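Protein chains in written order, with my numbering: chain A, 1 to 113; chain B, 114 to 228.
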Amino acid sequence: KQEVTQIPAALSVPEGENLVLNCSFTDSAIYNLQWFRQDPGKGLTSLLLIQSSQREQTSGRLNASLDKSSGRSTLYIAASQPGDSATYLCAVRPTGGGNKLTFGTGTQLKVEL
Amino acid sequence: EAEVAQSPRYKITEKSQAVAFWCDPISGHATLYWYRQILGQGPELLVQFQDESVVDDSQLPKDRFSAERLKGVDSTLKIQPAELGDSAMYLCASSLKGQGWSEQYFGPGTRLTVT
């Protein structure tokens, strides 16, 4: 059974700092990995999606990397802003067809002024 | 921009009462998903529909939960009777297709509190 772990569970940083969120998964047979953002009491917003054949994806100040063989992904946020405060979730899809997502427990980020 | 709609956004109910949530997926999306997210955890899939058929309900507590998508469009998730442990965010998502990969789009969720 696929298990996805995110470390740290919570993080507080001053504005402007660069930071890294970690995601690890136990089964490397994944089709792709996706990072989501969730604001308090809201649904999920997709940030970045990395196919299993890719090493990284970038969108603005966000960069996600994937090392499938070691079962790890990182989300790098450059020059953090208070508006980045949210919970960040990673999720993996299995190979072999199907579209089921297995989510991590999330990292709650707070960026302080 | 097309979005997944859910209602109600918030629901407070007493233990042992019945409660229902509604989801309207993005037009043309054949696959619909219901997730449950307990506070401090990631979402967990409860049920997946392909058109009007259930393709995965392995994590659905069938003694108290039911889900339907009668015409293959909108869907209802019901809990009867509700228990304290059912307090959670219930998220609906949809995708163009279920076979192979197709990106899922999430609705705003329904926050359920059972007292």
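We put the CB at the ideal spot given by N, CA and C, even for glycine.
Here the structure is a predicted model, which means the values were calculated and not measured.
Of the candidates B/G222, B/K128, B/E116 and B/V117, the residue whose Cα lies closest to the Cα of B/A195 is B/K128. A/L113 sits in coil when the DSSP states are folded into three classes, being neither helix nor strand.
Each residue's CA atom was taken as its position, placing A/K42 and B/E114 some 18 Å apart. In this model, A/D27 and B/S120 are separated by some 36 Å (Cα to Cα). For B/P156, the chain A residues whose Cβ falls inside 7 Å of its Cβ are F103, in order along the chain. Boundaries of the beta strand (DSSP E) harbouring B/T126: Y123 to T126, taken from the DSSP string. Of the candidates A/A78, A/A79 and A/T105, A/T105 places its Cα closest to the Cα of A/L89. Looking at the backbone, the Cα of B/Q193 and that of B/E181 are separated by about 14 Å. Listed by position along chain B, the residues whose Cβ is nearer than 8 Å to that of A/N32 are W214. Residue nearest to B/E157 within the set A/F103, A/I77 and A/D39 is A/F103 (criterion: CA-CA distance). By the CB criterion at 7 Å, A/N18 and A/A78 fall inside the cutoff.
Near chain B, meaning a CB-to-CB distance below 7 Å, the residues of the region 70-93 of chain A are L89 and R93. Under DSSP, A/S65 takes part in a beta bridge, and its partners are A/E56 and A/T74. Within chain B, not a single residue places a beta-carbon under 8 Å from that of A/L62; the smallest gap is close to 17 Å.
Among the CB atoms of chain B, none fall inside 7 Å of the CB of A/K110. Under the Cβ distance rule, B/G141 does not count among the residues neighbouring chain A, no pair being separated by less than 7 Å. Listed along the chain, the chain B residues whose CB falls inside 7 Å of the CB of A/L11 amount to none; the nearest CB is some 15 Å away. For A/Q34, the closest of A/K110, A/G60 and A/A64 by C-alpha to C-alpha distance is A/A64. Residue B/K184 holds the alpha-carbon nearest to the alpha-carbon of B/A143 among B/K184, B/T223, B/P174 and B/L173. When beta bridges are read from the DSSP output, B/K191 appears opposite B/A133 and B/S179. Rounded to whole angstroms, the separation of the alpha carbons of A/V20 and A/A10 is 12 Å.
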